[in-house]
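Student:
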Amino acid sequence: MKCRKCGGQAVLELPRHNAAFCSADFQEFFRKQVAEAIRKHKMFTREEPILVAVSGGKDSLALWDVLIETGYETAGLYLDLGIFDYSVESKAKCEGFAAARGQKLIVERVADAMGAPIPEVQKATRRPTCSACGLSKRYLMNRAAVEHGYPVIATGHNLDDEAAVLFGNVLHWQTDALSRQSPALASTHPKLARRVKPLYRLSERETAAYAFLRGIDYIVDECPFAKGATSIAHKQILDRLEEQSPGAKHNFLFGFLEKAKGYFDGAESVTLQQCAVCGQVTTGEICAFCKLHDQVKRRQAGPLSSTREGDRHE
Ligand code: Q46
Ligand code: ZN
0 MKCRKCGGQA VLELPRHNAA FCSADFQEFF RKQVAEAIRK HKMFTREEPI
50 LVAVSGGKDS LALWDVLIET GYETAGLYLD LGIFDYSVES KAKCEGFAAA
100 RGQKLIVERV ADAMGAPIPE VQKATRRPTC SACGLSKRYL MNRAAVEHGY
150 PVIATGHNLD DEAAVLFGNV LHWQTDALSR QSPALASTHP KLARRVKPLY
200 RLSERETAAY AFLRGIDYIV DECPFAKGAT SIAHKQILDR LEEQSPGAKH
250 NFLFGFLEKA KGYFDGAESV TLQQCAVCGQ VTTGEICAFC KLHDQVKRRQ
300 AGPLSSTREG DRHE
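In this text, residue positions in the sequence shown follow numbering that gives the first Met the number 0: the first is 0, and each later residue adds one.
Structure follows, in structure tokens:
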């Protein structure tokens, strides 16, 4: 197997591009795909500081690495969800990455903001874990960006993630979600940071290969709550399609973005205002995070409380 660029020994074959690359040329290909994503969707400029949301996994650390390597001003944001050993280990990976590259890492603890770590929030509210977690992550990411002066948040979502989300949204014709599905979400309020996904052109296999070739030390284990998630089932279906027909995921996602997304624009029109409790942006009077926080507090204070201090796993 020969590298398409230099003819040397290839280390990676990319069937959907009908190509193979050596390590140096694959890294170059990877950087070019990221640069193209940033250019095409006007994600950010060279002058803007970028807050990179890192989980300790391969995608977000590969993203942070490529942005540092290509000369952007960045800081990492790690959200400590308090999910047992998974959080301890993933935080250590982010701290190690930041220290080795002399980068700033901001750490926010869900337990500080919510009064309980994610597993306890779930017990106190009976809300599905990933729903409480997703809500908390979106809230804390935006709050950190606004408070620390970052106009844009970059996340490590890759082509596989985006295709799986699109698949789920199409299956249920969630038009609101389809109107929001984009590699770049603009700011529509002074207290709302832009959100961008510079890896959306790269597959999970490609980000894993990049992370490996760059010697990035990342957490391999998934969050324990990810088991059985619908998004994983959707990914598996798309993986089977991709195996039979390389490029299927790319065509599905890019076809939507280029040909179909316009039909859903405007499906969701919301007016943002500031939460009466915390001052962050929301569509109602009180934001979903503050409502959840209030529920947690009431459960902790009440006789049915399941969140005694000693029970917490952090
Ligand atoms: S939402 Fe759910 Fe993830 Fe939160 S609880 Fe874990 S699996 S981390 S992407
Ligand atoms: Zn609020």
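All residues carry an ideal CB built from backbone N, CA and C; glycine is no exception.
In this structure, does DSSP put Glu-284 in helix, strand or coil?
Tutor: For the purposes of this step, residue 284 is taken as the residue at position 285 of the sequence shown. Correct three-state label for Glu-284: coil.
Student: Apart from the five residues just before and just after Ile-285, which ones in its own chain have a Cβ nearer than 7 Å to its Cβ?
Tutor: As a first step, residue 285 is located in the sequence shown; it is residue number 286 there, counting from the start. Excluding residues within five positions, the ones whose Cβ falls inside 7 Å are Cys-274, Ala-275, Val-276.
Student: Pull up the CB-CB distance for Ala-19 and Ala-9, whole angstroms please, since I reckon it's below 8 Å.
Tutor: On the sequence shown, residue 19 is found 20 positions in, with the first residue counted as 1. On the sequence shown, residue 9 is found 10 positions in, with the first residue counted as 1. Rounded, the Cβ-Cβ distance is 4 Å, consistent with contact.
Student: Whole angstroms is fine: what's the gap from Phe-83's alpha carbon to Glu-119's?
Tutor: Translated into positions along the sequence shown, residue 83 becomes position 84. Translated into positions along the sequence shown, residue 119 becomes position 120. Answer to the nearest angstrom: the Cα atoms are 11 Å apart.
Student: Give me the Cβ distance between Leu-134 and Leu-291, rounded to the nearest whole Å; I'm assuming they're in contact under 8 Å.
Tutor: For the purposes of this step, residue 134 is identified with residue 135 of the sequence shown, where counting begins at 1. For the purposes of this step, residue 291 is identified with residue 292 of the sequence shown, where counting begins at 1. Sure, about 7 Å apart at Cβ, within 8 Å.
Student: Can you tell me whether Glu-146 is buried or exposed? The criterion is at least 16 other CB atoms within 10 Å of its CB, across all chains shown.
Tutor: Mapped onto the sequence shown, residue 146 falls at position 147. Answer is exposed; the Cβ neighbour count stays below 16.
Student: Would you please state the rounded distance, in angstroms, between the beta carbons of Tyr-77 and Cys-93? I believe it to be under 8 Å.
Tutor: Taking the first residue of the sequence shown as position 1, residue 77 is located at position 78. Taking the first residue of the sequence shown as position 1, residue 93 is located at position 94. About 4 Å; that satisfies the 8 Å criterion.
Student: Which class does Arg-137 belong to by DSSP, given the choice of helix, strand or coil?
Tutor: For the purposes of this step, residue 137 is taken as the residue at position 138 of the sequence shown. DSSP places Arg-137 in helix when its eight states are reduced to three.
Student: Can you name the residues that DSSP bridges to Gly-75?
Tutor: Position 76 of the sequence shown, counted from the start, is the residue given in the question as residue 75. Paired residue(s): Val-51, Leu-104.
Student: Let me make sure I understand the geometry here. Which of Ser-130, Ile-117, Gly-55, Val-109 has the alpha-carbon closest to that of Ser-142?
Tutor: To locate residue 142, count along the sequence shown from 1; it is residue 143. Here the sequence assigns Arg to residue 142, which means Ser is not the residue at that position. When each option's Cα is compared against that of Arg-142, the closest is Val-109.
Student: Looking only at its own chain, which residues have a Cβ that is under 8 Å from the Cβ of Asp-310, when we skip the five neighbours before and after it?
Tutor: Here residue 310 refers to the residue found at position 311 when the sequence shown is read from its first residue. At Asp-310, the pLDDT of 40 sits below 50, so the modelled position is not reliable; the number obtained from the coordinates is stated separately. If we look at Asp-310 and ignore the five residues flanking it on each side, its Cβ neighbours are Glu-119.
Student: My guess is that Val-151 and Ala-192 are in contact by the Cβ rule of under 8 Å, so how many angstroms apart are they, rounded?
Tutor: On the sequence shown, position 152 is the one that residue 151 refers to. On the sequence shown, position 193 is the one that residue 192 refers to. The pair is a contact, with the Cβ atoms about 6 Å apart (cut-off 8 Å).
Student: What do you reckon, is the C-beta of Ile-285 under 8 Å from a heavy atom of the ligand ZN?
Tutor: Within the sequence shown, the letter at position 286 stands for residue 285. Correct: Ile-285 has its Cβ closer than 8 Å to the ligand ZN.
Student: Taking buried to mean at least 16 other C-beta atoms within 10 Å of its own C-beta, is Glu-161 buried or exposed?
Tutor: On the sequence shown, residue 161 is found 162 positions in, with the first residue counted as 1. Result: buried.
Student: Give me the Cβ distance between Arg-213 and Asp-64, rounded to the nearest whole Å; I'm assuming they're in contact under 8 Å.
Tutor: Numbered from its first residue, the sequence shown carries residue 213 at position 214. Numbered from its first residue, the sequence shown carries residue 64 at position 65. Indeed, because the Cβ distance is near 6 Å, the residues count as touching under 8 Å.
Student: If you scan the stretch 2-65 from start to end, which runs of the alpha helix (DSSP H) of 4 or more residues do you find wholly inside it?
Tutor: Segments of the alpha helix (DSSP H) lying fully in the stretch 2-65: 22-39.
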